[in-house]
Amino acid sequence: MIAAAAPLSLDPALAAFACALVVIGVASALVLTNAVKRLAGLVIAGIGALAALAVLGAPAGALTAGVAVLFAQVALGAAIVVRLQESYGSVASSEIDGADLEDDARGSAS
Amino acid sequence: MNGAYLELARAHAPLLMIVTPLVGAALMLISGPARMSWLIACAAAVFGAVIAVDFATVLLMQLTHPVAEVGVALFVDGIGVFAAALVAVVLALAIVAVGATLKESGASPAPLSPALMLAGAAGWTGALMTRDLIALFASVEAGWLAAVGLTAVNAVRDRTPLNGAFRMLTLGGAGSALMLLGIGMLGRAAGGFEIDALPLAQIRMPNLAGAGAALIVLGLCVKAGVAPLHAWSPVAIGRGGAMIALGVGTLGVLGALSVLTRFAAYAITAPEIGAGFSVALAGLGALSVVVGAVQAVGSRNLLRLSVYAGVSQAGCVLLSLALGSPAGFAAALMQLVAFAAASLAFYGGALAGRVHSLDMLNGYATRAPLASGAITAGALSLMGAPLTIGFLGRWRLVEAGVGAGWWWAAGLVIIASLAGVFYGGRLVERMYFRRANVTYAGEGGVWRVALAPALIAAIATIAIGLAPGALLNAAANASRLMTGLAP
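As they're listed, the protein sequences go chains A and B.
For what it's worth, the working numbering labels the leading residue of the first sequence as 1, then goes sequentially.
For what it's worth, the working numbering labels the leading residue of the second sequence as 1001, then goes sequentially.
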């Protein structure tokens, strides 16, 4: 008698893929120097987290809440990036941090 | 008749505590003049604080259960109620304090900033009153995004807070992705998303559950500014004004720490994951205590010094939670009160005279004696000086730590206090024993009313240290009632 084989499931592979997306997105958001790319990293991490929730069988309400939060983050982030460009003339974090250090030094001297 | 309305309000207090700030925020945005909108904000915040304190008193001191059986079902537990009352009181004091600086932030953000503070407080309160982990996530993000918005709209005179707001967004966004992933993992492993089910759940996959709980804590630690995840806080707060210091540095951090305390109190009592969770919390707490203390010692910016002292205090909260006992939870709640009072007194005293750097503190006591008194009380509490609430919080932690055999934790707290003596003493020496080399603004430049919250916090810092009985009782009852009182 041959035992019936367990049905193949893509869930583990999908879960691993979703977790990889989260890791890549979080790393991009923290390591990259361009503010727009960091924002894109956040989107990737958010999509990965939503995909992981779906694979793990979370209810629809969880996905809705996640999408709403991700949308709010991107909207707010885009607005801040525009203001950064206006105020600093750049969206590169190294230049922005450098300008802040100069502002600090000027503030201490005055 | 009035008594009946009071009972009705009490029965729906958890809902009112969330709705009142939201209604206040909405009314502010349509109210027009800045001063009018500030008065509305004050009314909403004070009303919310009265409801919250009354509810917490009834629940924690008289141990009765006044929650309505009908209407929107919110989940009420001891830690949630205690922390929500603290958030509501801090919100009321912060809103009153920022009144004098409304015009500084420019015409357009003037009504928006207190509205964002109210909305943020509603978010944190919601997270303290929810049973579902998904609702907790949504509420935390509402509170956090309001804090990011508050920082961004107040980058008017100085552009640095804008950089801080972007750091908040990216670090907090990364934290929220990890938190969402963690919620999915924990829910899958525990078989549900109810926070109160964790201690009793039959967890089928402890490793998955432990990883999920750790990711949730990581996401919350970013928002609470726990080291080494606090890269946003010195940038956002260090050169910001009163709105950012009080709305983000005090209210936002307190909200995040409170939610972290509540979640950790449930997760650490789950038998399958409790031990590992405790080790992770203790490690993170110890790191935060040390990093915060070292950075505070080296800081030359007064607001950043306060931020780093808060990081160290957050580490003490995590160490208290890591003990995993009711005594540890009560110590964590006392640390939260100590953080809130010291932070309000410190920021309020500094911002009343627009003092940012340590050099500007020279001779501050002669120019601004009341503000100097507030800073002194905050500094004494941060260093854990006896007869202050800071001492009480740390003493409770040492007591609980020694009781559990965690001598190293007690040692760390003592080291943090010694570092506090160094940087706090430096502030006191500059204020009282040096002469001002440059003329800076004193207290006269702002409304006296703006200094009142800082003085109230300073007096509370000392008064609670002298007569701590009621607060200790409330904290002890709150930690015992953490298993939930919902109908």
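Every residue gets a Cβ at the ideal spot worked out from N, C-alpha and C, and that includes glycine.
Tell me which residues share the same chain as residue i and place their Cβ nearer than 6 Å to its Cβ, disregarding the 5 neighbours each side in the sequence.
{"i": "L1260 of chain B", "result": "L1220 and A1224"}
{"i": "A1155 of chain B", "result": "P1161 and L1162"}
{"i": "G1149 of chain B", "result": "L1116"}
{"i": "A1293 of chain B", "result": "S1312, A1416 and A1419"}
{"i": "A13 of chain A", "result": "none"}
{"i": "A1296 of chain B", "result": "L1305, Y1308, A1309 and Y1423"}
Leaving out the 5 sequence neighbours to the left and right, which residues in its chain are closer than 8 Å to residue i when beta-carbon positions are compared?
{"i": "M1017 of chain B", "result": "G1048, I1051, A1052, F1055, A1084, A1088, T1125 and M1129"}
{"i": "C977 of chain B", "result": "Outside the displayed span of chain B (1001 to 1487) sits residue 977 of chain B, for which this structure offers no information."}
{"i": "L1466 of chain B", "result": "L1387"}
Helix, strand or coil for residue i per DSSP?
{"i": "G1143 of chain B", "result": "helix"}
{"i": "P1487 of chain B", "result": "Interpretation of P1487 of chain B is limited by its pLDDT of 34, a score under 50 that renders its predicted location unreliable; no figure is taken from the coordinates."}
{"i": "N1301 of chain B", "result": "strand"}
{"i": "S90 of chain A", "result": "coil"}
{"i": "R1480 of chain B", "result": "helix"}
{"i": "S1258 of chain B", "result": "helix"}
{"i": "D1132 of chain B", "result": "strand"}
{"i": "E1194 of chain B", "result": "strand"}
{"i": "N1002 of chain B", "result": "helix"}
{"i": "N1362 of chain B", "result": "coil"}
{"i": "S1325 of chain B", "result": "coil"}
{"i": "N34 of chain A", "result": "strand"}
{"i": "S1113 of chain B", "result": "helix"}
{"i": "S28 of chain A", "result": "helix"}
{"i": "S1488 of chain B", "result": "An answer regarding residue 1488 of chain B cannot be provided, because it is not within the stretch 1001 to 1487 covered by chain B."}
So residue i contacts chain A; which residues on that side make the cut at Cβ distance below 7 Å?
{"i": "M1185 of chain B", "result": "L56"}
{"i": "E1141 of chain B", "result": "V69"}
{"i": "F1499 of chain B", "result": "Residue 1499 of chain B lies beyond the residue range present for chain B, which begins at 1001 and ends at 1487; the question has no answer from this structure."}
{"i": "V1148 of chain B", "result": "L76"}
{"i": "L1169 of chain B", "result": "Q73, L76, G77 and I80"}
{"i": "A1165 of chain B", "result": "I80"}
{"i": "R1188 of chain B", "result": "L56 and G57"}
Using a cut-off of 9 Å between C-beta atoms, extract the partners of residue i located in chain A.
{"i": "L1145 of chain B", "result": "V69, A72, Q73 and L76"}
Considering only residues of the same chain and omitting the five flanking positions on each side of residue i, which have a CB-CB separation below 7 Å?
{"i": "V1253 of chain B", "result": "A1224, G1225 and G1310"}
{"i": "A1264 of chain B", "result": "V1217, L1281 and L1321"}
{"i": "G1403 of chain B", "result": "A1327"}
{"i": "V22 of chain A", "result": "A45, G48, A49 and A52"}
{"i": "A1452 of chain B", "result": "V1096"}
{"i": "P1317 of chain B", "result": "Checking the sequence shown, residue 1317 of chain B turns out to be Val, not Pro. Correct list, in chain order: L1257, T1261, A1332, Q1335 and L1336."}
{"i": "A1152 of chain B", "result": "L1162 and A1165"}
{"i": "A1341 of chain B", "result": "S1381, I1389, A1457, A1460 and T1461"}
{"i": "A99 of chain A", "result": "Y88"}
{"i": "A1267 of chain B", "result": "L1198, A1213, I1273 and F1277"}
{"i": "G1424 of chain B", "result": "A1379, L1380, L1382 and M1383"}
{"i": "A1127 of chain B", "result": "L1136, S1139, V1140, G1143 and V1259"}
Show which residues of chain B have a CB atom less than 8 Å away from the CB atom of residue i.
{"i": "D103 of chain A", "result": "D1158, R1159, T1160 and R1239"}
{"i": "R106 of chain A", "result": "Result: empty, since nearest Cβ-Cβ is about 11 Å, beyond 8 Å."}
Using a C-beta to C-beta distance shorter than 7 Å, which residues of chain B count as neighbours of residue i?
{"i": "A49 of chain A", "result": "A1177, L1180 and L1181"}
{"i": "G61 of chain A", "result": "I1134"}
{"i": "S87 of chain A", "result": "R1159 and L1162"}
{"i": "A13 of chain A", "result": "By Cβ distance, chain B contributes nothing, its closest Cβ being about 16 Å from A13 of chain A, past 7 Å."}
{"i": "A52 of chain A", "result": "L1181 and G1184"}
Give the residues of chain A in contact with residue i, contact being defined as C-beta atoms less than 8 Å apart.
{"i": "R1430 of chain B", "result": "Neighbours of R1430 of chain B on chain A: none; closest Cβ ~15 Å, over 8 Å."}
{"i": "G1173 of chain B", "result": "A29, L42, A45, G46, Q73 and G77"}
{"i": "L1303 of chain B", "result": "Per Cβ cutoff of 8 Å: no residues; L1303 of chain B is ~12 Å from chain A at best."}
The segment 1284-1301 of chain B / the segment 1368-1379 of chain B touching (three or more Cβ pairs under 8 Å): no
Cβ contact (3+ pairs, closer than 8 Å) linking the segment 1171-1183 of chain B and the segment 35-49 of chain A: yes
Members of the segment 1234-1252 of chain B that neighbour chain A once the beta carbon cut-off is set at 8 Å: V1235 and R1239
Residues within the segment 21-45 of chain A neighbouring chain B, beta-carbon criterion of under 7 Å: V22, G25, V26, A29, L30, A35, R38, L42 and A45
contact_flag[the segment 1137-1144 of chain B, the segment 1235-1242 of chain B] where n(CB pairs < 8 Å) is 3 or more: no
Segment contact, 8 Å Cβ cut-off, at least three pairs: the segment 1471-1485 of chain B with the segment 1073-1082 of chain B: yes
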